[in-house]
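S.K.:
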Amino acid sequence: MQTNERLYVGRPTRRVEGKLKVTGAAPYSAEQGQEGLLFGVMVPATIAAGDISNIDTSAALAFPGVVDVFTHETKQNVAWWDRKWMDQTASPGHPFRPLHSERILYDGQPVAMVVAETFEAARDAASLIRVSYRESEHVTDIRTVLDESYDPPKKRSGIPAAPKPRGEPEAAYEAAPIKISADYWLETEYHNPMEMFATTVLWEDDEHLTIYDKTQGSQNSRDYVCSVFGLKTENVRVDNAFVGGAFGAGLRPRHQLFMAVMASLKLKRSVRVEMTRRDMFYLSHRPSMLQTISLACDATGKLQSVIHHAVAGTSRYEDYQEVVVNWSGLAYACENAKLTYELTQVDTATPGDMRAPGSASGNVALESAMDELAYAAGIDPLELRIINFAPYDQNDDKEFTSKALHACYRQGAAQFGWEKRNAEPGSMQEGNELIGWGMATGFWDAQLQNAAAKARLSSDGHLIVSAAASDIGTGTYTMMAQVAADEFHMAIEDVTVKLGDSTLPQTAVQGGSWTAASTGGAVQAACLAVIATLLKQAQAIKNSPLKDAKADEVTVRDGRLVLIINDQTGVAVADIMAAAGVSFVEEEGKIGPSKLQMLKYISYTHSAVFVEVRVDKDLRIPRVTRIVSAIAAGKIINPKAARSQILGGVVMGMGMALHEEGMFDHRSGRLMNHNLAEYHVPAHADVENIEVIFVEEHDDLASPLGVKGLGEIGLVGVGAAIGNAIYHATGTRVRELPITVDKLL
Amino acid sequence: MSYDPDTQSQLCPTTLHINGVRHDLEIEPWTTLLDLLRGPLALTGTKKGCDHGQCGACTVLIDGMRYNSCLLLAVSQDGAEITTIEGLSTGDQLHPMQEAFIEHDAFQCGYCTPGQICSAVGLLNEGHAHSREDVRELMSGNICRCGAYVNIADAVEDVMGQQTHAVAAQ
Ligand code: FES
Ligand code: FES
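Line by line, the protein sequences give chains A and B.
Following this note's numbering, the numbering of the first sequence begins with 783 at its first residue and continues without gaps.
Following this note's numbering, the numbering of the second sequence begins with 4 at its first residue and continues without gaps.
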């Protein structure tokens, strides 16, 4: 009998930590260590640029319950060199150092922190701090400094620069019979995970700390703390077992981590610092961006030229970079392309990776422009994309490991009913509503990171798998349990997953959609290593029935190490361990990308997004009534959690298209809507029907499990598809996101 | 009311019945119900997502109705019957709404979840929701940044259906 079928991988599986979450028993970082804690509350700057001329903390210090107040005047015992402050995901520049000097770099910058015996005392005392400033000139609108844009001299690690131009893009554009050119504008967006950033530091002594931190990488936070405060790696443990969402905001250590550790070391006490929702708007953001895109095609719709230029905002102190324009060179087949990406500086915090960073922004311009081109050419927008299907990556001259995008187009269109679309804008109506149907393609790269994991099988049949990976809501706990349970053909209830702890096997930050492929692969490798060790131990037994077996010919089933082709032949795991004199077998597994393969292949996830909007004829209020998202992302480990990942991405894409924008008062350089009442994110009432399709995509090369990752792709394409649907409904092409009602009147 | 000269605080005697347990407390008048639950009472299942009544993460049930506990001063609830997420299940037995949330994968990070569940239970107690549209409209005070809305609506509809069945069967 064959014994290698999978019971869990590929099947909808309930979250293994689900019960903890629905009962309120899952502890997040502000919920650890209740006894004897001090509480820190930060004070934000109220100017955009300048210096603190005076800071009066006397009233705060005199407030009952206050233990200390920290400002830039507090002596700090921290690292000097910039590189010591750089975390794994930092951009080139000078990393921000909280309370470092009197200099104000952006509105909302923390200028003080009050530490008190109770949260309420700290909060009230914080309101008593008086800060005087010497203001200097500021700029917060990148549109006023477009002429100062520059190609970032130092590239951010892991972010490929824009490819060199190919062919003759300008000449081809001039010569083409059908062309469009347009500017697209994006406002800043803010991650706003529901859990506010918080750190609880449990002080043991001057050198030993246990830190509960909201982060997407416990080891990234640990390394930052050790490097900045000169502590030893083995003395600092960072725990992020439960993370209340992050969407990229937790890729870098945030101020509250620094503040809590600083206060804890100085006061020799355990300290918790939890941000306010207002603080959450000054951490990082999806940068505002102006994009100019020009597309040209021949009469049959074949693309002749793609010219895409983006200027994105960054801070005064770091060159934040993401991949914005490169996608336009690989999305569709075209011999002539020119892609350029520049930054311009404003007086805000450094932008940061926000779900589908770069791709989401660039896609709005490219996929809206494709729609404009389709109308200019009189070709159906879906048809235009099919005509220009790219069989290989022209940016890098590499083959795709797989690309089931045709299946996304086909299945998505069928499910949506695209063939019933009347192309004429405003032609589809019902009652007092204009109906619009739009679509877009989405792209994200599928990456494999170096990852390690451990598996430990006990003689009683219990398995523990562990890695310093994170589960920010993505389903990592369940994914690891599924992969491990299948390797040992055991019930998922017999697997314990440990993650979110910096002492566990090394894992990169959770971002870029790479965790399932990387950590999943490492878990599988660890399990296979355990089986190999068991085999060696079994072969040491006299007359072992497995004496001639090779490691890839055996597996574990029903607590026995057996031949895959015949599970009658084998030895009980408990007997093997007893004979070897051990009570458990533990092994580490590691995986990483193959450099050789990467010379020839490149790996992407793809999607086709179809959207229906209805726009009230008189009020012009748009609502999204239906979205079909068809995804090609290789093997889907857990269709249940995977669908949720895509739903979540789609909803955030709806926010990008219709709701979310940082509203600055550019005269004062200050953000005005730093709360959830005025910074609108999608709510229940905004979300009607979303259908997710995973198309079959077999891929042996993308990762050992065949997985490509899902965290970002759900969002990409949604913004453009909604804009295109609104154009189809109303005939109004809005090139500024979010598309709020005022732009449709 | 007692006065503590050290902290200059007024302590107000307040009795709260939380998840069926009586608590006789001395509370400072400025402590919110949310901070009382999460701090001194260590009932951290109720979440803080904004502290401004803008997100619903702190939703609890008071006498069966849903409230944002960040907007209530604890002393103002003297005598109230309060149910938090910790009080919905009994031992290993989950509340049907909790069960439905797991089955429909109606959460990702889980941070808005206790508030969503309490809100959904309160919604059904109120008896105003008769359709999916009603559910979506009346749950709009509970933000989920992970975007689990479709699944949350499925879970609530599921439990709503179970209740209608139960009523029909009677
Ligand atoms: S914490 Fe109460 S509504 Fe947000
Ligand atoms: S599950 Fe994360 S915010 Fe709702």
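We put the beta carbon where it would ideally sit given N, CA and C, even for glycine.
Keep in mind it's a predicted model, so treat the numbers as computed, not measured.
Is the beta carbon of Y114 (chain B) within less than 8 angstroms of some heavy atom of ligand 2?
M.R.: Indexing the second sequence from 1 puts residue 114 (chain B) at position 111. Under cutoff, so the answer is yes.
S.K.: Mind listing which residues of the stretch 110 to 139 of chain B have their C-beta closer than 8 angstroms to chain A's C-betas, in chain order?
M.R.: From the stretch 110 to 139 of chain B, only F110, Q111, C112, G113, Y114, C115, T116, P117, I120, V138 and R139 have a Cβ closer than 8 angstroms to chain A.
S.K.: Quick one: measure Cβ to Cβ for L1077 (chain A) and I962 (chain A), integer angstroms, because I've assumed they're closer than 8 angstroms.
M.R.: Residue mapping note: residue 1077 (chain A) aligns to position 295 of the first sequence, counting from 1. Residue mapping note: residue 962 (chain A) aligns to position 180 of the first sequence, counting from 1. Indeed they touch by this definition, with Cβ atoms about 6 angstroms apart.
S.K.: Let me know the secondary structure DSSP gives P99 (chain B) once reduced to three states.
M.R.: The count along the second sequence starts at 1 and reaches residue 99 (chain B) at position 96. Three-state result, P99 (chain B): helix.
S.K.: Report all residues from its chain with a CB closer than 6 angstroms to the CB of E1518 (chain A); omit the five preceding and five following residues, and keep chain order.
M.R.: For this step, residue 1518 (chain A) is matched to residue 736 along the first sequence. The answer, listed in chain order, is W967.
S.K.: Closest Cβ-Cβ distance between H1441 (chain A) and chain B: below 9 angstroms?
M.R.: Taking the first residue of the first sequence as position 1, residue 1441 (chain A) is located at position 659. No, because no Cβ of chain B sits closer than 9 angstroms to the Cβ of H1441 (chain A).
S.K.: What three-state label does DSSP hand G113 (chain B) in the structure shown?
M.R.: Translated into the one-based positions of the second sequence, residue 113 (chain B) becomes position 110. The answer is coil: DSSP assigns G113 (chain B) none of H, G, I, E or B.
S.K.: From A1228 (chain A) to L1487 (chain A), what distance separates their C-alpha atoms?
M.R.: To locate residue 1228 (chain A), count along the first sequence from 1; it is residue 446. To locate residue 1487 (chain A), count along the first sequence from 1; it is residue 705. C-alpha separation (whole angstroms): 13 angstroms.
S.K.: For R916 (chain A), tell me which candidate among A:T926, A:T828, A:A841 and A:F1270 has the shortest Cα-Cα distance.
M.R.: The residue given as residue 916 (chain A) occupies position 134 in the first sequence. When only C-alpha atoms are compared, the closest one is A:T828.
S.K.: Tell me N962 (chain A)'s beta-bridge partners as DSSP assigns them.
M.R.: Along the first sequence, one-based indexing puts residue 962 (chain A) at 180. According to the sequence shown, residue 962 (chain A) is Ile rather than Asn. The partner list for I962 (chain A) (beta bridge, DSSP) reads A:L1077.
S.K.: Comparing alpha-carbon positions, which option in A:R1004, A:E1479, A:S1248 and A:F1024 lies nearest T1015 (chain A)?
M.R.: Along the first sequence, read from residue 1 onward, the residue named residue 1015 (chain A) stands at position 233. Of A:R1004, A:E1479, A:S1248 and A:F1024, the residue nearest in Cα terms is A:R1004.
S.K.: Can you give me the C-alpha to C-alpha distance between P99 (chain B) and F979 (chain A), rounded to a whole angstrom?
M.R.: Here residue 99 (chain B) refers to the residue found at position 96 when the second sequence is read from its first residue. Here residue 979 (chain A) refers to the residue found at position 197 when the first sequence is read from its first residue. Cα-Cα distance, rounded: 31 angstroms.
S.K.: Return no unless some Cβ of chain B is closer than 9 angstroms to the Cβ of K803 (chain A).
M.R.: Taking the first residue of the first sequence as position 1, residue 803 (chain A) is located at position 21. So yes, K803 (chain A) belongs to the interface.
S.K.: For A1196 (chain A), is the classification buried or exposed, using 16 other Cβ atoms within 10 angstroms of its Cβ as the cut-off for buried?
M.R.: By one-based count along the first sequence, residue 1196 (chain A) stands at place 414. Its Cβ having fewer than 16 others within 10 Å, A1196 (chain A) is exposed.
S.K.: Classify G822 (chain A) as helix, strand or coil using the three-state DSSP reduction.
M.R.: As a first step, residue 822 (chain A) is located in the first sequence; it is residue number 40 there, counting from the start. Here G822 (chain A) sits in strand by DSSP.
S.K.: Using only the alpha-carbon positions, how far apart do D157 (chain B) and R1342 (chain A) sit?
M.R.: In the second sequence, the residue the question calls residue 157 (chain B) occupies position 154. In the first sequence, the residue the question calls residue 1342 (chain A) occupies position 560. For D157 (chain B) and R1342 (chain A), the distance between alpha carbons rounds to 41 angstroms.
S.K.: Closer than 8 angstroms, Cβ to Cβ, to anything on chain D: give me those residues from the stretch 29 to 56 of chain B, in chain order.
M.R.: In the structure shown, chain D cannot be found, because the protein chains are A and B.
S.K.: Kindly indicate which residue of A:K1280, A:A1263 and A:L1281 has the alpha-carbon position closest to the one of A1273 (chain A).
M.R.: Indexing the first sequence from 1 puts residue 1273 (chain A) at position 491. Of the candidates A:K1280, A:A1263 and A:L1281, the one whose C-alpha sits nearest the C-alpha of A1273 (chain A) is A:A1263.
S.K.: Find the nearest neighbour of D1252 (chain A) within the set A:I1384, A:G1293 and A:E1212, judged by alpha-carbon distance.
M.R.: Residue mapping note: residue 1252 (chain A) aligns to position 470 of the first sequence, counting from 1. First, the residue type needs correcting, since residue 1252 (chain A) is Ser and not Asp in the sequence shown. Nearest option by C-alpha distance: A:G1293.
S.K.: State the DSSP-derived secondary structure class of V1312 (chain A), mapped to helix, strand or coil.
M.R.: Numbered from its first residue, the first sequence carries residue 1312 (chain A) at position 530. V1312 (chain A): helix per DSSP, three-state reduction.
S.K.: How about A1159 (chain A) and A1081 (chain A): do their beta carbons lie closer than 9 angstroms?
M.R.: Reading the first sequence from its first residue, position 377 is the one you call residue 1159 (chain A). Reading the first sequence from its first residue, position 299 is the one you call residue 1081 (chain A). Yes, these two residues count as a Cβ contact at 9 angstroms.
S.K.: Which same chain residues, not among the five before or five after Y1064 (chain A), have their C-beta less than 6 angstroms away from its C-beta?
M.R.: Residue mapping note: residue 1064 (chain A) aligns to position 282 of the first sequence, counting from 1. If we look at Y1064 (chain A) and ignore the five residues flanking it on each side, its Cβ neighbours are G890 and A1131.
S.K.: Between which two residues does the alpha helix (DSSP H) holding W1296 (chain A) run?
M.R.: Your numbering for residue 1296 (chain A) matches position 514 in the first sequence. Here W1296 (chain A) belongs to no alpha helix (DSSP H), and DSSP marks it neither H nor E.
S.K.: Would you check if the distance between the CB atom of F1029 (chain A) and the CB atom of H973 (chain A) is smaller than 9 angstroms?
M.R.: As a first step, residue 1029 (chain A) is located in the first sequence; it is residue number 247 there, counting from the start. As a first step, residue 973 (chain A) is located in the first sequence; it is residue number 191 there, counting from the start. Yes, they are a contact pair.
S.K.: Looking at the C-beta of H1466 (chain A), does it have a partner C-beta in chain B at a distance below 9 angstroms?
M.R.: Your numbering for residue 1466 (chain A) matches position 684 in the first sequence. Yes, contact with chain B.
S.K.: Does the beta-carbon distance from S914 (chain A) to I834 (chain A) come in below 9 angstroms?
M.R.: For the purposes of this step, residue 914 (chain A) is identified with residue 132 of the first sequence, where counting begins at 1. For the purposes of this step, residue 834 (chain A) is identified with residue 52 of the first sequence, where counting begins at 1. Taking 9 angstroms as the Cβ cut-off, S914 (chain A) and I834 (chain A) qualify as a contacting pair.
S.K.: Less than 8 angstroms between the CB of A904 (chain A) and some heavy atom of ligand 1, yes or no?
M.R.: Indexing the first sequence from 1 puts residue 904 (chain A) at position 122. No - ligand 1 has no heavy atom lying nearer than 8 angstroms to the Cβ of A904 (chain A).
S.K.: Name the residue from A:A831, A:D1135, A:E902 and A:D864 whose alpha carbon lies nearest to the alpha carbon of G940 (chain A).
M.R.: For this step, residue 940 (chain A) is matched to residue 158 along the first sequence. When only C-alpha atoms are compared, the closest one is A:D1135.
S.K.: For the stretch 20 to 89 of chain B, which segments carrying the beta strand (DSSP E) assignment without a break, of at least 3 residues, lie completely within its bounds, in sequence order?
M.R.: Fully enclosed beta strand (DSSP E) runs of 3 or longer: 24 to 30, 62 to 65, 68 to 71 and 84 to 86.
S.K.: Which same chain residues end up closer than 6 angstroms to E1529 (chain A) when comparing Cβ atoms and leaving out the 5 residues on each side of it in sequence?
M.R.: Since the first residue shown for chain A is 783 and the last is 1527, residue 1529 (chain A) is missing from the structure and cannot be characterised.
S.K.: DSSP three-state label for I1521 (chain A), please.
M.R.: Taking the first sequence and counting its residues from 1, the one referred to as residue 1521 (chain A) is at position 739. Three-state DSSP puts I1521 (chain A) in coil, outside helix and strand.
S.K.: Short of 7 angstroms Cβ to Cβ, which residues in the stretch 1037 to 1062 of chain A face chain B?
M.R.: Residues passing the 7 angstroms Cβ filter: T1058 and R1059.
S.K.: Any heavy atom of ligand 1 closer than 8 angstroms to the CB of Q101 (chain B)?
M.R.: For the purposes of this step, residue 101 (chain B) is taken as residue 98 along the second sequence, with counting starting at 1. No, since every heavy atom of ligand 1 falls outside the 8 angstroms radius drawn around the Cβ of Q101 (chain B).
S.K.: Given a limit of 9 angstroms on CB to CB distance, which residues of the stretch 141 to 168 of chain B reach chain A?
M.R.: The stretch 141 to 168 of chain B vs chain A, Cβ under 9 angstroms: L141, M142, S143, G144, N145, I146, C147, R148, C149, G150, A151, Y152, V153, N154, I155 and A156.
S.K.: Just list the residues that DSSP pairs N1471 (chain A) with in beta bridges.
M.R.: Numbered from 1 along the first sequence, position 689 holds the residue referred to as residue 1471 (chain A). Answer by DSSP bridge pairing, in chain order: A:R1408.
S.K.: Spatial neighbours of V1498 (chain A) within its chain, please: C-beta separation below 7 angstroms, excluding the five flanking residues on both sides.
M.R.: Residue numbering aside, residue 1498 (chain A) sits at position 716 when the first sequence is read from its first letter. Here the set comprises A1138, S1141, A1142, N1145, G1224, F1225, W1226 and S1389.
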